Amino acid sequence: MISIPVLLSVYGDELRSGTMQCAIGRGLSRTGIVVGKLIECALLSACSFACLFLFSWFKNFIMDIILTPRQYEMLAVYFLLSWIRLLTCFAIVSMLTLLSWSMVLGILTDLFLIQILEILLKAIQQIAHVAVYDYSFYGLIAGAYASMEVGKTEGQLLASVLIYICGTTMITVLFFNRKELPL
2 MISIPVLLSV YGDELRSGTM QCAIGRGLSR TGIVVGKLIE CALLSACSFA CLFLFSWFKN
62 FIMDIILTPR QYEMLAVYFL LSWIRLLTCF AIVSMLTLLS WSMVLGILTD LFLIQILEIL
122 LKAIQQIAHV AVYDYSFYGL IAGAYASMEV GKTEGQLLAS VLIYICGTTM ITVLFFNRKE
182 LPL
């Protein structure tokens, strides 16, 4: 549940206080705002994941749990892939938040993406035998982790997820550039 505090710190008072309108009025591009917000979310969540990784390493050290270097490597890969998955969620939430100008919709979307969507896509794939989960960013990241676990590097799967992030950000920029902002 790293995403809610990150979203609240990045977008929390921003929509109500009008600082985006002020920044746009002073010459900052709307593209710069969208990309800057995504980078801010990425940095805050990366710091949180780094703290969680260090905590898990410290916990293992204190409790005298011995992991092999490969297990620590896979733990780091897991945290990295979880961070990329969260970035994809941030890109989608950012799009809906900036286009609707509603933080409530952003938080509800975030909760849906993190808590419900993966389960829903797996159920649809199981029942309808359509590979919706496999081609979603959840399935691509799970496939990348499974491939890395057996020693393969799956750049194609990670590139597909980055396409989700970049594509959603480009759509956000496209529509946010045309959006009339409230005064």
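The numbering used here puts the first residue of the sequence shown at 2, with every later residue one more than the last. Even for Gly, the Cβ is constructed at its ideal location relative to N, Cα and C. Just so we're clear, the structure is a prediction, and the values are computed from it rather than from any experiment.
According to DSSP, is W102 part of a helix, a strand, or is it coil? coil
* Can you grab the Cα-Cα spacing for the pair M104 / T173, in whole Å? => 16 angstroms
Taking 7 angstroms as the cut-off, decide whether the C-beta atoms of T110 and L97 are in contact. yes
**Report entry** Contact set for E119: own chain, Cβ-Cβ below 7 angstroms, skip 5 residues either direction
**Finding:** Y139
**Asked** For K60, which three-state DSSP category applies?
**Response** helix
**Asked** Of all the options V35, G28 and V7, which has the alpha carbon lying nearest to the alpha carbon of F176?
**Response** V35
- As assigned by DSSP and simplified to three states, the class of D111: helix
Exercise for review: Would you mind working out which of G37, S95, M149 and L8 sits nearest S46, comparing C-alpha positions?
Suggested key: L8
- Query: When the Cα atoms are used, what is the spatial distance from I82 to L76?
  - Reply: The sequence shown places Leu at residue 82, not Ile. Answer to the nearest angstrom: the Cα atoms are 10 angstroms apart.
Near V133, what residues of its chain come up, given a Cβ to Cβ distance below 6 angstroms and the 5 sequence neighbours on each side ignored?
-> Closer than 6 angstroms at the Cβ level, and outside the excluded window around V133, lie L122, I125 and Q126.
Check your understanding: Taking buried to mean at least 16 other C-beta atoms within 10 Å of its own C-beta, is I85 buried or exposed?
Key -> buried
key: Reduced DSSP secondary structure (H/G/I, E/B, other) of L33   = One point to set straight first is that residue 33 is Gly, not Leu, in the sequence displayed. Helix.
Measure from the alpha carbon of R179 to the alpha carbon of each residue in R31, R17 and S10, then state which is nearest. R31
Within 7 angstroms, strictly: CB atoms of L87 and S10: no
Practice prompt. Indicate whether A92 and T169 have their beta-carbon atoms separated by less than 7 angstroms.
Written response: A contact, by the Cβ cut-off of 7 angstroms.
Q: Specify, as a first and last residue, the run of the alpha helix (DSSP H) that L122 falls within.
A: Where L122 is concerned, the enclosing alpha helix (DSSP H) stretches over E119 to A129.
Would a C-beta distance cut-off of 7 angstroms place L163 and S95 closer than the cut-off? no
(request) Give me the Cα-Cα distance between D14 and C23, rounded to the nearest whole angstrom. (result) 14 angstroms
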